[in-house]
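Inspection log for the structure reproduced underneath, given as structure tokens.
Residue numbers (our numbering): 886 to 1035.
Given below as structure tokens:
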């Protein structure tokens, strides 16, 4: 479901940037996707909706209507999708690899490798790290990977 959401989360972007996350959700819900159950399709739609702007909230009817275990799943997968979306902020595919490692109790680090300084990519991911920290109950640091050169 995360892979599907990663592919289709910006499906409505051609209709304009504003509100494209909500329009993407609506298009996914309206689509005929026989390879997914209705539940899975709904989760993919929710992931697209929460890839930017507001975080999942019980004030949002479609999210509130999910069973508790699916709300937790949407929050966690949306947190990952938001980080990935942030790492591709300039849409230049500059990030080549991401390594995640636990650095202490409740502390994780993402080391990002790619072409160029990755300034906007790191900034984009850091902006979107809050839901990850909340959904997984950890502190997350996002850094460029150390250079192999002396």
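Don't be surprised by glycine CBs; every beta carbon is placed ideally from N, CA and C.
(request) Thinking residue 969 and residue 998 are a contact (beta carbons under 8 Å), I'd like their distance in whole angstroms, please. (result) The residue given as residue 969 occupies position 84 in the chain shown. The residue given as residue 998 occupies position 113 in the chain shown. Between residue 998 and residue 969 the Cβ distance is about 15 Å, and since that is not below 8 Å, they are no contact.
(message) Is the beta carbon of residue 894 closer than 7 Å to that of residue 936?
(response) Counting from 1 along the chain shown, the entry for residue 936 is found at position 51. Counting from 1 along the chain shown, the entry for residue 894 is found at position 9. Going by C-beta atoms, residue 936 is nearer than 7 Å to residue 894.
(message) Determine whether the beta carbon atoms of residue 923 and residue 910 lie at a separation below 7 Å.
(response) For the purposes of this step, residue 923 is identified with residue 38 of the chain shown, where counting begins at 1. For the purposes of this step, residue 910 is identified with residue 25 of the chain shown, where counting begins at 1. No.
(request) Could you tell me the distance, in whole angstroms, from the CA atom of residue 900 to the CA atom of residue 1026? (result) For this step, residue 900 is matched to residue 15 along the chain shown. For this step, residue 1026 is matched to residue 141 along the chain shown. Computed Cα separation, rounded: 34 Å.
(request) Give a yes or no on whether 7 Å exceeds the smallest Cβ distance from residue 960 to chain C. (result) The structure shown contains no chain C; it holds only a single protein chain.
(message) Suppose you measure from the CA of residue 980 to the CA of residue 966; what does that come to, to the nearest Å?
(response) Here residue 980 refers to the residue found at position 95 when the chain shown is read from its first residue. Here residue 966 refers to the residue found at position 81 when the chain shown is read from its first residue. Each residue's alpha carbon lies about 15 Å from the other.
(message) Give me, in chain order, the residues of the same chain whose beta-carbon lies closer than 6 Å to that of residue 1015; leave out the 5 immediate sequence neighbours on both sides.
(response) As a position in the chain shown, residue 1015 is number 130, starting the count at 1. Excluding sequence neighbours, residue 1015 sits near nothing in its chain.
(message) Residues in the same chain with beta-carbon distance under 7 Å from residue 928, minus the five sequence neighbours each way, listed in chain order, please.
(response) Position 43 of the chain shown, counted from the first residue, corresponds to residue 928. Closer than 7 Å at Cβ, skipping near neighbours: 886, 955, 958 and 959.
(message) Please tell me whether residue 964 and residue 1017 are closer than 7 Å, where the distance is taken between their beta carbons.
(response) The residue given as residue 964 occupies position 79 in the chain shown. The residue given as residue 1017 occupies position 132 in the chain shown. It is a contact, given that the beta carbons lie within the stated cut-off.
(request) Determine the DSSP secondary structure at residue 934, reduced to helix, strand or coil. (result) On the chain shown, residue 934 is found 49 positions in, with the first residue counted as 1. Reduced to three states, the DSSP call for residue 934 is helix.
(message) Would residue 897 and residue 908 be called neighbours here (beta carbons separated by less than 7 Å)?
(response) As a first step, residue 897 must be located in the chain shown, where it is residue number 12. As a first step, residue 908 must be located in the chain shown, where it is residue number 23. Yes, Cβ-Cβ distance for residue 897 and residue 908 is below 7 Å.
(message) For residue 1034 and residue 1001, I'd like the C-alpha separation in whole angstroms.
(response) Indexing the chain shown from 1 puts residue 1034 at position 149. Indexing the chain shown from 1 puts residue 1001 at position 116. Any answer about residue 1034 is weak, because its pLDDT of 45 lies below 50 and its placement is not dependable; what the coordinates show is given next. Looking at the two C-alpha atoms, the distance is approximately 14 Å.
(message) For residue 982, report the span of its beta strand (DSSP E) as first-last.
(response) In the chain shown, the residue the question calls residue 982 occupies position 97. Per DSSP, residue 982 belongs to the beta strand (DSSP E) from 980 to 989.
(message) What residue range does the alpha helix (DSSP H) around residue 1009 cover?
(response) Position 124 of the chain shown holds residue 1009. Looking at the DSSP string, the run of the alpha helix (DSSP H) that includes residue 1009 is 1004 to 1012.
(request) Could you tell me the distance, in whole angstroms, from the CA atom of residue 949 to the CA atom of residue 1032? (result) Taking the chain shown and counting its residues from 1, one reaches residue 949 at position 64. Taking the chain shown and counting its residues from 1, one reaches residue 1032 at position 147. Spanning the two alpha carbons is a distance of roughly 45 Å.
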